[in-house]
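Okay, structure first, notes after.
There are 2 protein chains.
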Amino acid sequence: MDIEDLATRIEAGERRALARAITLVESGRADHRADATALLERLKDRPAQALRIGLSGTPGVGKSTFIEAFGLMLTGQGLRVAVLAVDPSSARSGGSILGDKTRMEHLSRDPNAFIRPSPAQSQLGGVARRTREAIDLCEAAGFHVVLVETVGVGQSETMVAEMADLFLLLLAPGGGDELQGVKRGIMEIADILLVNKADGDLRATATRTCADYAGALRLLRKRAQDPQGFPKAMTVSAVEHAGLDKAWSEMQALADWRREAGHFAARRADQARFWFEAEVREGLLARLKREPVRGAMATLGRQVAEGAITPTAAAEELLIQYLQLGLADRAPDDPQSPSPKA
Amino acid sequence: MDIEDLATRIEAGERRALARAITLVESGRADHRADATALLERLKDRPAQALRIGLSGTPGVGKSTFIEAFGLMLTGQGLRVAVLAVDPSSARSGGSILGDKTRMEHLSRDPNAFIRPSPAQSQLGGVARRTREAIDLCEAAGFHVVLVETVGVGQSETMVAEMADLFLLLLAPGGGDELQGVKRGIMEIADILLVNKADGDLRATATRTCADYAGALRLLRKRAQDPQGFPKAMTVSAVEHAGLDKAWSEMQALADWRREAGHFAARRADQARFWFEAEVREGLLARLKREPVRGAMATLGRQVAEGAITPTAAAEELLIQYLQLGLADRAPDDPQSPSPKA
Numbered sequence: 001m002d003i004e005d006l007a008t009r010i011e012a013g014e015r016r017a018l019a020r021a022i023t024l025v026e027s028g029r030a031d032h033r034a035d036a037t038a039l040l041e042r043l044k045d046r047p048a049q050a051l052r053i054g055l056s057g058t059p060g061v062g063k064s065t066f067i068e069a070f071g072l073m074l075t076g077q078g079l080r081v082a083v084l085a086v087d088p089s090s091a092r093s094g095g096s097i098l099g100d101k102t103r104m105e106h107l108s109r110d111p112n113a114f115i116r117p118s119p120a121q122s123q124l125g126g127v128a129r130r131t132r133e134a135i136d137l138c139e140a141a142g143f144h145v146v147l148v149e150t151v152g153v154g155q156s157e158t159m160v161a162e163m164a165d166l167f168l169l170l171l172a173p174g175g176g177d178e179l180q181g182v183k184r185g186i187m188e189i190a191d192i193l194l195v196n197k198a199d200g201d202l203r204a205t206a207t208r209t210c211a212d213y214a215g216a217l218r219l220l221r222k223r224a225q226d227p228q229g230f231p232k233a234m235t236v237s238a239v240e241h242a243g244l245d246k247a248w249s250e251m252q253a254l255a256d257w258r259r260e261a262g263h264f265a266a267r268r269a270d271q272a273r274f275w276f277e278a279e280v281r282e283g284l285l286a287r288l289k290r291e292p293v294r295g296a297m298a299t300l301g302r303q304v305a306e307g308a309i310t311p312t313a314a315a316e317e318l319l320i321q322y323l324q325l326g327l328a329d330r331a332p333d334d335p336q337s338p339s340p341k342a
Numbered sequence: 001m002d003i004e005d006l007a008t009r010i011e012a013g014e015r016r017a018l019a020r021a022i023t024l025v026e027s028g029r030a031d032h033r034a035d036a037t038a039l040l041e042r043l044k045d046r047p048a049q050a051l052r053i054g055l056s057g058t059p060g061v062g063k064s065t066f067i068e069a070f071g072l073m074l075t076g077q078g079l080r081v082a083v084l085a086v087d088p089s090s091a092r093s094g095g096s097i098l099g100d101k102t103r104m105e106h107l108s109r110d111p112n113a114f115i116r117p118s119p120a121q122s123q124l125g126g127v128a129r130r131t132r133e134a135i136d137l138c139e140a141a142g143f144h145v146v147l148v149e150t151v152g153v154g155q156s157e158t159m160v161a162e163m164a165d166l167f168l169l170l171l172a173p174g175g176g177d178e179l180q181g182v183k184r185g186i187m188e189i190a191d192i193l194l195v196n197k198a199d200g201d202l203r204a205t206a207t208r209t210c211a212d213y214a215g216a217l218r219l220l221r222k223r224a225q226d227p228q229g230f231p232k233a234m235t236v237s238a239v240e241h242a243g244l245d246k247a248w249s250e251m252q253a254l255a256d257w258r259r260e261a262g263h264f265a266a267r268r269a270d271q272a273r274f275w276f277e278a279e280v281r282e283g284l285l286a287r288l289k290r291e292p293v294r295g296a297m298a299t300l301g302r303q304v305a306e307g308a309i310t311p312t313a314a315a316e317e318l319l320i321q322y323l324q325l326g327l328a329d330r331a332p333d334d335p336q337s338p339s340p341k342a
């Protein structure tokens, strides 16, 4: 693969090149991984910085309608918008390509928008790396806004928040029960809560719900990287396109404040370090499942089960073998790995 | 340290040697770890097999009173009983030595009983290895029953169940609310539910609660390693020593059935393999926090934070350094490690 050519075309903003590069980072094949790493290394010294926005909300809250309306508003202002989806639950359905294209019908046809569905991956760890790398690729392709959408399930919000500059939580209008349904942890990572469906019969309920959330937010501990008034709650109506410009102004104001205070760059640095450490841990454990370490593990596991060796002594033995086999294992792969500067 | 001498004294059932060996396995010092591993290797080919009983129950349910009464009943039958406590929450109080001795006043003075309080450890992983190894030591010292007690908090039950031949759950008499408070996961690992305090004013409530739990147990999926009627719910009264003999008969019946069906040995083999794999994972990750890998991680982490290298490329670089440094790191330690046959 010609990494340099692909990189140049991504930097020129070619959507097909971007799509191909994302397919590359989504691949689990060793040679693809090596190409992906080389590509990302090549692209890392880009000047432009996109605003990375994480967005979460439970099913039915109107995420697709919101993204469609919000995305079209931004492209209408001349901004280029990328939408990435993270849905750990989509592993079963094998991705949601059709779903993502049809549920954001107008945005998906907009030349200034790029929509990428959730990859069909079962492990959140794998999803994390692929999403993080896809964000980097979108940023390298010159997108001004990268919106990373996730469903309100399990640990995916925390993961997306660790990749985003801002985190939005989309909520439905409703009473006290719904309020309690939002986990405290999610409240604590959100910068802006958007109560959607503030239209028609639900307008009054949405306003009241928004006030309830605003009250709840005031009970949370103040974060150092927040200016006065954040995190905040607002109402929007995705179907009536109401409040979207106001929400965007608030996002920009928050991002600007953080940039000036140095929190923006510091957060990205912390995130990079966080993912580096996560990758290291995952890489160490992934090697246990690969030959030849896997074979050594199975052999020692049998001896442990038979009582021929204690678990602790066997683990120490395996660690030595891991180190030796790991080094030997690496050698044949090296010639295939392209140099980052190739 | 004279491992052979210590091993011989443990095999002779010397309680002071056993206590000293448990202190050894609880130590985090590298030379102590090496001695502990050698000691356990030396002792692994023992003929006797204790019945390992896990016991959990929320605070206030009467665990101490139950263990005191149950333990004294067993020692009264000529059996030797060891009691180990696992309490992840005791990390703050720095162990509970006085507590364990005073709350089982008579049992702690019984020459056929050995009570070991929870070590003051903060990490459940470390507690797991130490507890597992302490069980092995008690078994090598010829104890007939090793009772491992844990509080009904977090993951400690699952951990103890992975070390035990049988798992008991001690419950308080009470209504439907209390019934729901018992997590489904805990119900599923319990072999026998004991509703305590079936005495005085609470006798009728305990009987009703027991029937409720019995009903709930029937809804659980049948496990292959269980004979007809298990898991089961029973009432006991620790203060009146009522139902303890019946509970002990049931434990023995279940253990006998499993021994004859081959499940007993198979479960121990599975557990040994489980802990071997857990130790491997923990050992790999623990090395990240030790020099010289820790230094390499800090250096690369800084470069990642500065944007000089991507998290993925840095993680790959660290993995190579981990393997190389890990092998180099090991060398100076080896001369200190006593041979298991020394």
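Just so you know, the sequences run in chain order E and A. To convert, note that position 244 of the first sequence is 244 in the UniProt record's numbering; the numbers rise steadily by one, no gaps. To convert, note that position 33 of the second sequence is 33 in the UniProt record's numbering; the numbers rise steadily by one, no gaps. Just so you know, even glycine gets a beta-carbon here, dropped at the ideal spot from N, CA and C.
TODO: Could you confirm whether any beta carbon from chain E is found closer than 8 Å to the beta carbon of A:F264?
DONE: Counting from 1 along the second sequence, the entry for residue 264 of chain A is found at position 264. It does not: the Cβ of A:F264 has no partner Cβ on chain E nearer than 8 Å.
Open item on the list: Across the stretch 138–146 of chain A and the stretch 166–175 of chain A, are there enough close Cβ pairs to call them in contact, namely three or more that are closer than 8 Å?
Closed with: no
Open item on the list: Less than 8 Å between C-beta atoms, sequence neighbours within five positions excluded: which residues of the same chain meet that for E:D245?
Closed with: As a position in the first sequence, residue 245 of chain E is number 245, starting the count at 1. Cβ within range, chain order: M73.
- [ ] Under 9 Å between beta-carbons, which chain E residues line up against A:Q324? List them in chain order, please.
- [x] Residue numbering aside, residue 324 of chain A sits at position 324 when the second sequence is read from its first letter. The contacting residues are L323, L327.
Task: Through-space distance from A:G307 to residue 343 of chain E, alpha-carbon basis - done: There is no way to answer for residue 343 of chain E, as the model of chain E reaches only from 1 to 342.
- [ ] For E:T8, collect the residues of the same chain with a Cβ closer than 7 Å to its Cβ; drop the 5 residues on either side in sequence, then sort them by chain order.
- [x] As a working mapping, residue 8 of chain E is identified with position 8 in the first sequence. Here the set comprises nothing.
Open item on the list: For E:A242 and E:A265, I'd like the C-alpha separation in whole angstroms.
Closed with: Walking along the first sequence from the start, residue 242 of chain E turns up at place 242. Walking along the first sequence from the start, residue 265 of chain E turns up at place 265. Roughly 32 Å separates the two Cα atoms.
TODO: Label E:L6 either buried or exposed according to how many other C-beta atoms from any shown protein chain fall within 10 Å of its C-beta, with 16 as the threshold for buried.
DONE: What you label residue 6 of chain E is simply residue 6 of the first sequence in a count that begins at 1. It counts as buried.
- [ ] On a CA-only basis, which of E:R184, E:T131, E:L18, E:A204 is nearest E:E162? Give me that one, please.
- [x] Taking the first residue of the first sequence as 1, we reach residue 162 of chain E at position 162. Considering only alpha carbons, the answer is E:T131.
Open item on the list: Between E:D165, E:A261, E:S56, which has its C-alpha nearest E:P227's C-alpha?
Closed with: By 1-based counting over the first sequence, the position of residue 227 of chain E is 227. Here the closest residue by C-alpha is E:A261.
Task: Three-state secondary structure assigned by DSSP to A:S108 - done: Taking the second sequence and counting its residues from 1, one reaches residue 108 of chain A at position 108. A:S108 falls in the helix class under three-state DSSP.
Task: A:I67: first and last residue of the uninterrupted alpha helix (DSSP H) it sits in - done: To locate residue 67 of chain A, count along the second sequence from 1; it is residue 67. Where A:I67 is concerned, the enclosing alpha helix (DSSP H) stretches over 63–76.
TODO: Whole angstroms is fine: what's the gap from E:S118's alpha carbon to A:C138's?
DONE: Stepping through the first sequence from its first residue, residue 118 of chain E is reached at position 118. Stepping through the second sequence from its first residue, residue 138 of chain A is reached at position 138. Cα to Cα, E:S118 sits roughly 52 Å from A:C138.
Open item on the list: Does the CB of A:A82 have a neighbour CB from chain E at under 8 Å?
Closed with: On the second sequence, position 82 is the one that residue 82 of chain A refers to. No - not a single Cβ of chain E is within 8 Å of the one on A:A82.
Task: Cβ pair count under 8 Å reaching 3, the stretch 244–259 of chain A against the stretch 282–297 of chain E - done: no
- [ ] Buried or exposed for A:Q271, please, with buried defined as at least 16 other CB atoms from any protein chain shown within 10 angstroms of its CB.
- [x] Taking the first residue of the second sequence as 1, we reach residue 271 of chain A at position 271. A:Q271 should be labelled buried.
Open item on the list: Residues in the same chain with beta-carbon distance under 6 Å from A:Y213, minus the five sequence neighbours each way, listed in chain order, please.
Closed with: Counting from one through the second sequence, the residue named residue 213 of chain A turns up at place 213. Hits under 6 Å: L193, A233.
TODO: Spell out a yes or no on whether the stretch 106–118 of chain A and the stretch 76–90 of chain A are touching, meaning 3 or more CB-CB pairs, one atom from each, closer than 8 Å.
DONE: yes
Task: Residue from E:R259, E:G62, E:V25, E:A204 whose Cα sits closest to the Cα of E:L51 - done: Here residue 51 of chain E refers to the residue found at position 51 of the first sequence. Closest option to E:L51, Cα to Cα, is E:R259.
Task: Beta-carbon proximity list for A:G71, same chain, < 6 Å, skipping 5 on both sides - done: Here residue 71 of chain A refers to the residue found at position 71 of the second sequence. Answer for A:G71: V81, L107, A113, listed in chain order.
- [ ] Go through its chain and collect everything with a Cβ distance to E:A313's Cβ below 6 Å, but skip five positions before and after it.
- [x] Here residue 313 of chain E is taken as the residue at index 313 of the first sequence, counted from 1. Same-chain partners within the cutoff: there are none.
- [ ] Please compile the residues from chain A whose C-beta is within a distance smaller than 7 Å of the C-beta of E:V304.
- [x] Start at 1 with the first residue of the first sequence, and residue 304 of chain E comes out as number 304. Going along chain A in sequence order, the residues near E:V304 (Cβ under 7 Å) are A272, R273, F276.
Task: Option nearest E:Q225 by Cα separation, candidates E:D191, E:G215, E:W248 - done: The residue you call residue 225 of chain E lines up with position 225 of the first sequence. Nearest of E:D191, E:G215, E:W248 to E:Q225, Cα basis: E:D191.
Open item on the list: Less than 8 Å between the C-beta atoms of A:I53 and A:A206, yes or no?
Closed with: The residue given as residue 53 of chain A occupies position 53 in the second sequence. The residue given as residue 206 of chain A occupies position 206 in the second sequence. Not closer than 8 Å, so no.
Task: Same chain, Cβ closer than 8 Å to A:T158, neighbours up to 5 away in sequence not counted - done: In the second sequence, the residue the question calls residue 158 of chain A occupies position 158. Only G185, I189 meet the Cβ criterion.
TODO: Thinking A:A36 and A:L24 are a contact (beta carbons under 8 Å), I'd like their distance in whole angstroms, please.
DONE: As a first step, residue 36 of chain A must be located in the second sequence, where it is residue number 36. As a first step, residue 24 of chain A must be located in the second sequence, where it is residue number 24. So it is a contact: roughly 5 Å between Cβ atoms.
TODO: Could you tell me which chain A residues have their CB closer than 7 Å to the CB of E:K183, listed as they occur along the chain?
DONE: The residue labelled residue 183 of chain E in the question sits at position 183 within the first sequence. The contacting residues do not exist; E:K183 stays about 18 Å from chain A at best.
- [ ] Could you confirm whether any beta carbon from chain E is found closer than 8 Å to the beta carbon of A:E41?
- [x] Locating residue 41 of chain A in the second sequence gives position 41, counting from the first residue. True, the Cβ-Cβ gap to chain E drops below 8 Å.
Open item on the list: I need the DSSP call for E:E188, collapsed to helix, strand or coil.
Closed with: Here residue 188 of chain E refers to the residue found at position 188 of the first sequence. Helix, per DSSP.
- [ ] Name the one or two DSSP bridge partners that A:S237 has.
- [x] As a first step, residue 237 of chain A is located in the second sequence; it is residue number 237 there, counting from the start. Answer is A:A242.
Task: Proximity test, Cβ basis, 8 Å: A:L51 and chain E - done: Here residue 51 of chain A refers to the residue found at position 51 of the second sequence. Chain E, which has no Cβ nearer than 8 Å to the Cβ of A:L51, makes this no.
- [ ] Report the three-state DSSP secondary structure of E:T50 (helix, strand or coil).
- [x] Indexing the first sequence from 1 puts residue 50 of chain E at position 50. Here residue 50 of chain E is Ala; the residue named in the question, Thr, does not match the sequence. Three-state result, E:A50: coil.
TODO: Could you check if A:R273 is buried or exposed, using at least 16 other CB atoms within 10 Å of its CB as the buried criterion?
DONE: Residue numbering aside, residue 273 of chain A sits at position 273 when the second sequence is read from its first letter. A:R273 comes out buried.
- [ ] Identify whether A:S27 lies in helix, strand or coil by the three-state DSSP scheme.
- [x] In the second sequence, counting from the first residue as 1, residue 27 of chain A sits at position 27. Note: A:S27 maps to coil in three-state DSSP.
Task: beta strand (DSSP E) runs contained entirely in the stretch 196–278 of chain E, provided each spans 3 or more residues - done: 232–235
Task: Own chain residues within Cβ distance below 6 Å of A:Q324, not counting five before or after - done: Position 324 of the second sequence, counting from 1, holds the residue named residue 324 of chain A. Closer than 6 Å at Cβ, skipping near neighbours: no residue.
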